[in-house]
Each structure stands twice: as C-alpha cells, then as structure tokens.
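Colleague:
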Amino acid sequence: MLRFLGRRLAVAIPTLFIVVTAAFFMMRAAPGSPFDTDRKLPPEILKNVEAKFGFDKPLVVQYGDYLAGVLHGDFGPSLKYRDKSVLEILKENYPVSLTLGLSAFTVAIVLGVSLGVIAALRQNGPADYATMGMAIVGICIPSFVTAPLLVLVFGSILGWLPVAGWDGGAPANLVMPVAVLALPQIAIISRLTRAGMIEVLRSNYVRTARAKGLSETSIVLNHALRAAILPLVSYLGPAFAGLITGSLIVEQIFNLPGLGKFFVVSALQRDYTVVMGLVICFATLILVLNLLADLLQAALDPRVRLS
Amino acid sequence: MPMTQISLAPGSPETAALMHRAVKGRSLWDDARRRLMRNRAAVASMIVLALLVLAAVFGPMLTPFAYDEINKNDVWLAPMTGGHLLGSDALGRDLLARLLMGLRVSLSIGAVATCVSLVIGVAWGAIAGYFGGALDEAMMRIVDVLYSLPYIFFVILLMVTFGSNIILIFLAIGAVEWLTMARIVRGQTISLKEKEFIEAARAAGLSRPAIIARHIVPNLLGPVVIYVTLTIPGVILAESFLSFLGLGVQPPMASLGTLISGGAQDMELAPWLLIFPSVTMAVTLMCFNFIGDGLRDAIDPKDR
Chain A
1 MLRFLGRRLA VAIPTLFIVV TAAFFMMRAA PGSPFDTDRK LPPEILKNVE AKFGFDKPLV
61 VQYGDYLAGV LHGDFGPSLK YRDKSVLEIL KENYPVSLTL GLSAFTVAIV LGVSLGVIAA
121 LRQNGPADYA TMGMAIVGIC IPSFVTAPLL VLVFGSILGW LPVAGWDGGA PANLVMPVAV
181 LALPQIAIIS RLTRAGMIEV LRSNYVRTAR AKGLSETSIV LNHALRAAIL PLVSYLGPAF
241 AGLITGSLIV EQIFNLPGLG KFFVVSALQR DYTVVMGLVI CFATLILVLN LLADLLQAAL
301 DPRVRLS
Chain G
308 MPMTQISLAP GSPETAALMH RAVKGRSLWD DARRRLMRNR AAVASMIVLA LLVLAAVFGP
368 MLTPFAYDEI NKNDVWLAPM TGGHLLGSDA LGRDLLARLL MGLRVSLSIG AVATCVSLVI
428 GVAWGAIAGY FGGALDEAMM RIVDVLYSLP YIFFVILLMV TFGSNIILIF LAIGAVEWLT
488 MARIVRGQTI SLKEKEFIEA ARAAGLSRPA IIARHIVPNL LGPVVIYVTL TIPGVILAES
548 FLSFLGLGVQ PPMASLGTLI SGGAQDMELA PWLLIFPSVT MAVTLMCFNF IGDGLRDAID
608 PKDR
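These protein sequence lines map, in sequence, to chains A and G. Mapping the first sequence onto the numbering used here, position 85 (from 1) lands on 85, and the numbers just tick up by one. Mapping the second sequence onto the numbering used here, position 295 (from 1) lands on 602, and the numbers just tick up by one.
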C-alpha cells in the first residue's frame, strides 16, 4: 500500500510543480503590464512600483521568489483589490464553494447509486429506460442551459425558490445550485452503477446466495452493491474535477460568492495574480482528491494495488 | 423423362455461381455494420446528424437574413413574425440565421479540435506502444502527469492571457482531449504489436516508422473512431463553456455557446432565444453520443 502511495505521489508532485511554473510564466507572458492605469505613471514612480513588486530582478530570481512565496502560502497581492492579498481572497470565498461542492457530491452519489441500482434490478423495463433516458439528457444538456431553465420555472414562474444569491447559505438558496451541479454527475454515476450492478448480478456467487435463500434486498445491499461500485470508485477522481469545473458556471449564474465565481470575475478583469493563485489552488485540490480516490480504490480493490 | 442436368464441371455457369456465393464471406466489418444498423437510436442519430451538417454547411447561405444583419426595427420579435422564422434577438438579428451559423462554427470547432487531438494522440500512443521500454514509460508518465491537471483552467488561462483567437481555441481544446486518445491507441498498439503480420513485415525488412504508419495505424481504426465520435461532443461542450464565460468565440460571430449564454440573459423577455439554441445543441450532442454508443456496441459487443 505504501508503495502504491509512493508511486502516486511521484506523479502528483511534479504535476503540481508544472502547474506553478506554467502559472508563473503565463503571468509574465501576458500582454500589458499589471501596473497599467488610466493615467500613465511617470517613469520614476513606475520603476519604484516595479521594484517593490520585484519586477526589476531577473526572471529566474522572480520565479524562485514566487515558488518560495507559494510554499509559504503567499500568492502575492491582488492586482485589482489593492488592499487584499490573494490568500485573503481565497480564505474568504472557499467556504461557499466547499458547502456547494460537498452537498452536490453527496446528492450525486446517493441519487446516482440509487437510480443505477433500481435501473439494474428492473433491467429493460420502463424504469430502466426512463432512468437511462434521463441520464443521457443530463449528460448532453450543459449546466448553463439547465440552470436558467430551472430558475425560470422555480424562481420566476412558481416563485418557490430564490432566483439567485447565497443569503448566508440558507437551504432554499442551495437547492437549485446543488441540483444543477449534481445533475451531470448523477447521470454518469447512475450509468456506471447500473452497468456494474448488471454484471455483478450475473455472477456465480450471487447465484449461490440466491440458492441459499437470501432475500433479494439482502443480496443487493450486502453483496452485489460492494462489487458493483468498484467502477464507480475509479470514476471519483474525474467526478471531483467535474464538480469543481461545474462550480465555475453554477456560482456565476446563481451569483454565489465562491471561488468559482471569483475565478471567472478575476479572469475577465485580467487580475493575473488572483487567477494564478486560484489555478494553483484548484489544481492542488484536484490532485489531492484524485490521490484520495486512488487510495480508496486501492483499499477496496486489491487488483489495483498489485498491478 | 429427361431431366435437365446441372453440370458441375469446372467452367460451367452453375459452378461459377455456386463458387461466387460460397467464397463471398462476411468480414468483421460486415458484422459490425449489421449490428450498427440494427441499433435504431444510432441509425436515427446518423440521419439527424447528417441533416444538421447539411443545415450547417448550406443553411447560412440560404436564409433571407445574414447572421450579423442588425435591424433596429425588428428587435425581440417572436418566432414566425416579420419574416423571422425563429424570431429575432436584442439587435434585431434573425435567430435562424445565427443558429445555423452557430451550428456551423460549433461543428467546425468540434471537427478541427478533434483532428488536432487525433493526430497528436494517435502519434503519441502508437510510438509509445510500439517502441515500448523506457520510451513508453517516459511518454506515459507525461500523459499521467498532464491527465491529472484541470485542463479547463489552463484553457481559460490561455484565453485570458493571449486573447480569444479562434486558432488558439482549436489548439487549446484539441490539447485537452488527446490524452485519452493516446492511452487508447497505446493499448491497442501493444496488443497489435504481437500479431504475426507485424512480425512478417519486420522480417520483410520494413523500417519501424513504416510499420507503424502502414500497418499499426490503419488497424487502430475501430476504437479510434468510437472515441472520436465521443470526443466531438466534449469539444463542443468545452467551447460553449468558454463562450459562456466570455472567453470563446467573440460577437458578432455566433456559436451555439454564445447563443445559449445570450439567450439565458434575456430569458424572460424572449425565451425562444434560449430554447432553440439549447435544443439544437442538446440534439447534436445526443446524436454523437448515440452514434458513439452504437459503434461501441457494434465493434465490441462484449462491452455491453
């Protein structure tokens, strides 16, 4: 197990290094100076400002400074919000994204697995086709289409749910964003679970369990489910990545003050330091989550450990 | 009573007919094609997709209005009024024309970006798989490292840094998708490498690049085609993602993504601006998915 972890880390750490390096050099390659203002600064002041931010040092030195800074959690100052550092911005906004992400993940797993199991048990029946039909729709209709539609129906026409906003995390404000974020994942997870379940239900040990006289419920929950979710566990990594990417759109549409919205806003405002900081943050998050997902899969499935 | 004799002597017409029928066998591709044609969803999707492609190629030339023709008097028209079959938008531009142009742009981006990922992925995977050893290890390590990166973020970063040049969009999105293609191709190459006809080619003195190009790559066709039909919707989605964030195709050019995001803004006043592009995109993506699934079932029925 430790060797497995070691191998995974050996891939993850260079990846992170590449992300930080790419982020740094792209920032330097961006056209325009971060210190362009409407009024052109006199050259002496410009030189002082640049010296303060270390822009007068050779590029390699700046790169080293940036690396050192990142390791200490210092991503530099925001270019648009002069009194805040990137780290402060990250700290202010991540709780929203965390709540949203965890809720969507839980909903996706619970609903996805349940629907997949039901579809597998009633294979080729109406419930199966309905579930798989919904799954295809969930995959093919992007979130920035379902979101406005849901807002139109539940927000404007029926007035049941607030149209946008976070409101301190009130449950009513969570319903639609979580639904939109979770929908594509529910679709994929239900398809994976259904496929896994169908294959397991045909295997010999399930036949033996039935012959022993165990109830169908007991078979499904205690025996079949454990084996059926293995393909699902290997999808967990991409699922996390999907949730994080999806949060960009959802937070933007519903105006939730999370990291995703901030990423979009900063990208459009060309606030390079914030964008870089967020890219590093997201990349680290995805790498850590992928690592956890891989470890989980190795724990559950010995074949992975030994391959 | 005299019976007509069927002569089975060599060279008689009956023998020739019998031999022709006996010899004409069924190749694996025939089997696959039959299975595919029996899949109704896939066949329907192919027809719909063909119609969509025709509409995208010829549509913009046939509509009465141009896609960027601004008409200040015809703002916010509902469908079927004022000569606008699908209505008009905030600047009085005809939605049907913009939709067809948008379809053309999105399908082109899908095709070109997929080609980019196809070329890179197939080359990478075939070389890694065929040469094996340390080269394979190194190349696949690179793929693993790149695979765990959140690519969309880097595409966004590229767009922000260098502007939303259409060539950049092709390259950036294509660069997102080649990794899985490389993995698939490498797996196939490794299993093909051991077959006798490759050994025969080697014995005949064919150089390694020639073997890869002339024997391995053509035999990879099955899984590659399946993956291509499943990559295109991913590319179209990625492009619409970028357009929604304002980083993809720029106005007045239309793509399905820009149309949908524009329609989402004006949803309450003019729902047709959201509905028609969304339905078009959903149908296009579903077609590709059904065809891809159908191909996968046809070429490798064990997978079902």
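Where a beta carbon is used, it is the ideal one built from N, C-alpha and C, also for glycine. Please read all numbers here as calculations on a predicted model, not as lab measurements.
A/GLN185 and A/GLY112 look like a contact to me (Cβ under 8 Å); what is the Cβ gap, rounded to whole Å?
Modeller: One-based indexing of the first sequence puts residue 185 of chain A at position 185. One-based indexing of the first sequence puts residue 112 of chain A at position 112. Indeed they touch by this definition, with Cβ atoms about 7 Å apart.
Colleague: What is the rounded straight-line gap between the Cα of A/ILE189 and the Cα of A/ASN48?
Modeller: As a first step, residue 189 of chain A is located in the first sequence; it is residue number 189 there, counting from the start. As a first step, residue 48 of chain A is located in the first sequence; it is residue number 48 there, counting from the start. Each residue's Cα considered, the two are about 55 Å apart.
Colleague: With 16 as the cutoff for other CB atoms within 10 Å, does A/SER156 come out buried or exposed?
Modeller: Translated into positions along the first sequence, residue 156 of chain A becomes position 156. It counts as exposed.
Colleague: With 16 other CB atoms within 10 Å as the buried threshold, where does G/TRP336 fall?
Modeller: As a working note, residue 336 of chain G is residue 29 in the second sequence. Exposed is the call here.
Colleague: What does the alpha-carbon distance come out to for the pair G/ALA349 and G/CYS594?
Modeller: Here residue 349 of chain G is taken as the residue at index 42 of the second sequence, counted from 1. Here residue 594 of chain G is taken as the residue at index 287 of the second sequence, counted from 1. Going from the Cα of G/ALA349 to the Cα of G/CYS594 covers about 8 Å.
Colleague: To which residues of the same chain is G/LEU576 closer than 7 Å at the C-beta, ignoring the five residues directly before and after it?
Modeller: Within the second sequence, residue 576 of chain G is the residue found at index 269, counting from 1. Closer than 7 Å at Cβ, skipping near neighbours: TRP383.
Colleague: Quick check: does the Cβ of G/TRP431 come within less than 8 Å of any heavy atom belonging to the ligand ADP?
Modeller: No copy of the ligand ADP appears in this structure; indeed no ligand is present at all.
Colleague: Check for me: the alpha helix (DSSP H) holding G/TRP485 runs from which residue to which?
Modeller: Counted from its first residue, the second sequence places residue 485 of chain G at position 178. Looking at the DSSP string, the run of the alpha helix (DSSP H) that includes G/TRP485 is 473-500.
Colleague: Using 9 Å as the limit for Cβ to Cβ distance, is G/ARG411 near chain A?
Modeller: For the purposes of this step, residue 411 of chain G is identified with residue 104 of the second sequence, where counting begins at 1. With 9 Å as the cut-off, G/ARG411 does not count as an interface residue toward chain A.
Colleague: Could you tell me which residues DSSP pairs with G/ALA388 in its beta bridges?
Modeller: Taking the first residue of the second sequence as 1, we reach residue 388 of chain G at position 81. Here residue 388 of chain G turns out to be Thr, not Ala, going by the sequence shown. BP columns for G/THR388 point to G/HIS391.
Colleague: Give me the chain A residues within the contact set of G/PHE477, using Cβ-Cβ distance strictly less than 8 Å, ordered along the chain.
Modeller: For the purposes of this step, residue 477 of chain G is taken as the residue at position 170 of the second sequence. Near G/PHE477 there are no residues of chain A at all, since even the closest Cβ is about 19 Å away, more than 8 Å.
Colleague: Using alpha carbons as the reference points, say which of A/MET197, A/PHE144, A/LEU296, A/LEU236 lies closest to A/ALA228.
Modeller: Position 228 of the first sequence, counted from the start, is the residue given in the question as residue 228 of chain A. It is A/MET197 whose Cα lies nearest to the Cα of A/ALA228.
Colleague: Just reading off the alpha helix (DSSP H) that G/ILE463 is part of, what are its end residues?
Modeller: Along the second sequence, one-based indexing puts residue 463 of chain G at 156. 458-469 is the span of the alpha helix (DSSP H), which, as asked, contains G/ILE463.
Colleague: Between which residues of its own chain and A/TYR233 is the CB-CB distance below 8 Å, once the five residues before and five after are set aside?
Modeller: As a working note, residue 233 of chain A is residue 233 in the first sequence. A quick correction: the sequence has Val, not Tyr, at residue 233 of chain A. Only ALA293, LEU296, GLN297, LEU300, ASP301 meet the Cβ criterion.
Colleague: Whole angstroms is fine: what's the gap from A/ARG207's alpha carbon to A/LEU2's?
Modeller: Translated into the one-based positions of the first sequence, residue 207 of chain A becomes position 207. Translated into the one-based positions of the first sequence, residue 2 of chain A becomes position 2. Those two C-alpha atoms are separated by around 36 Å.
Colleague: Determine which residues share a DSSP beta bridge with A/PRO77 and list them.
Modeller: Start at 1 with the first residue of the first sequence, and residue 77 of chain A comes out as number 77. Bridge partners of A/PRO77: A/SER85.
Colleague: Could you tell me which residues DSSP puts in a beta bridge with G/ASP401?
Modeller: Here residue 401 of chain G is taken as the residue at index 94 of the second sequence, counted from 1. Note: G/ASP401 sits in a beta bridge opposite G/SER395.
Colleague: Which same chain residues end up closer than 8 Å to A/ARG191 when comparing Cβ atoms and leaving out the 5 residues on each side of it in sequence?
Modeller: Position 191 of the first sequence, counted from the start, is the residue given in the question as residue 191 of chain A. Contacts found: GLY116, MET132, ALA135.
Colleague: Check the C-beta distance from G/ALA433 over to G/VAL492 and give it rounded, since I have them as a contact under 8 Å.
Modeller: Your numbering for residue 433 of chain G matches position 126 in the second sequence. Your numbering for residue 492 of chain G matches position 185 in the second sequence. G/ALA433 to G/VAL492, Cβ: 6 Å. Contact.
Colleague: Measuring straight from C-alpha to C-alpha, what distance separates A/LEU5 and G/ARG521?
Modeller: If you number the first sequence from 1, residue 5 of chain A lands on position 5. If you number the second sequence from 1, residue 521 of chain G lands on position 214. Answer to the nearest angstrom: the Cα atoms are 41 Å apart.
Colleague: Below 7 Å between beta carbons is the criterion; list the residues of the stretch 573-587 of chain G that meet it against any residue of chain D, in chain order.
Modeller: Among the chains of the structure shown, chain D does not appear; the protein chains present are A and G.
Colleague: Taking only three categories from DSSP, how would you classify A/TYR63?
Modeller: For the purposes of this step, residue 63 of chain A is identified with residue 63 of the first sequence, where counting begins at 1. Correct three-state label for A/TYR63: helix.
Colleague: Any chance the stretch 500-509 of chain G sits against the stretch 581-601 of chain G, with 3 or more Cβ pairs inside 8 Å?
Modeller: No contact exists between the stretch 500-509 of chain G and the stretch 581-601 of chain G.
Colleague: Identify whether G/GLU575 lies in helix, strand or coil by the three-state DSSP scheme.
Modeller: Along the second sequence, one-based indexing puts residue 575 of chain G at 268. DSSP places G/GLU575 in coil when its eight states are reduced to three.
Colleague: Would A/ARG7 be called buried (16 or more neighbouring beta carbons within 10 Å of its own) or exposed?
Modeller: As a first step, residue 7 of chain A is located in the first sequence; it is residue number 7 there, counting from the start. The residue is exposed, with fewer than 16 neighbouring Cβ atoms inside 10 Å.
Colleague: Along the stretch 5-17 of chain A, what residues have a CB closer than 8 Å to any CB found in chain G?
Modeller: Result list: VAL11, ALA12, PRO14, THR15.
Colleague: Counting only Cβ-Cβ distances shorter than 7 Å, please list the residues of the stretch 264-278 of chain A near chain G, keeping chain order.
Modeller: So the list reads VAL264, ALA267, LEU268, ARG270, VAL275, given in the order they occur along the chain.
Colleague: In the DSSP assignment, the alpha helix (DSSP H) including G/THR370 goes from what residue to what residue?
Modeller: To locate residue 370 of chain G, count along the second sequence from 1; it is residue 63. Counting along the chain, G/THR370 falls outside any alpha helix (DSSP H), and DSSP gives it neither H nor E.
Colleague: Can you name the residues of chain A whose CB is closer than 8 Å to the CB of G/VAL452?
Modeller: Locating residue 452 of chain G in the second sequence gives position 145, where the first residue counts as 1. Those are VAL11, PRO14, THR15, ILE18, listed as they occur along chain A.
Colleague: Considering just the uninterrupted stretch of the alpha helix (DSSP H) at A/GLN297, what are its terminal residues?
Modeller: One-based indexing of the first sequence puts residue 297 of chain A at position 297. From DSSP, the alpha helix (DSSP H) with A/GLN297 extends over 272-300.
Colleague: List the residues of chain A whose Cβ lies closer than 7 Å to the Cβ of G/LEU464, in chain order.
Modeller: Taking the second sequence and counting its residues from 1, the one referred to as residue 464 of chain G is at position 157. Within 7 Å Cβ-Cβ: MET26, VAL275, VAL279.
Colleague: Can you tell me the Cα-Cα spacing of G/GLY553 and A/LEU289, whole angstroms?
Modeller: Your numbering for residue 553 of chain G matches position 246 in the second sequence. Your numbering for residue 289 of chain A matches position 289 in the first sequence. Going by the C-alpha atoms only, they are around 29 Å apart.
Colleague: Return the residues of the stretch 231-262 of chain A that lie within a Cβ-Cβ distance of less than 9 Å from chain G, sorted by chain order.
Modeller: For the stretch 231-262 of chain A, which is checked against every Cβ of chain G, the residues closer than 9 Å are GLY237, ALA241, ILE244, THR245, LEU248, ILE249, GLN252, ILE253.
Colleague: How many whole angstroms separate the CB atoms of G/ILE476 and G/ILE416, which I take to be in contact at a CB cut-off of 8 Å?
Modeller: In the second sequence, the residue the question calls residue 476 of chain G occupies position 169. In the second sequence, the residue the question calls residue 416 of chain G occupies position 109. Yes, they are in contact, since the Cβ atoms of G/ILE476 and G/ILE416 sit about 6 Å apart, within 8 Å.
Colleague: Following the continuous alpha helix (DSSP H) through A/ARG122, name the residue where it begins and the one where it ends.
Modeller: In the first sequence, counting from the first residue as 1, residue 122 of chain A sits at position 122. Looking at the DSSP string, A/ARG122 is not in any alpha helix (DSSP H), and its letter there is neither H nor E.
Colleague: What residues in the stretch 89-114 of chain A bring their beta carbon closer than 8 Å to a beta carbon of chain G?
Modeller: From the stretch 89-114 of chain A, no residue has a Cβ closer than 8 Å to chain G.
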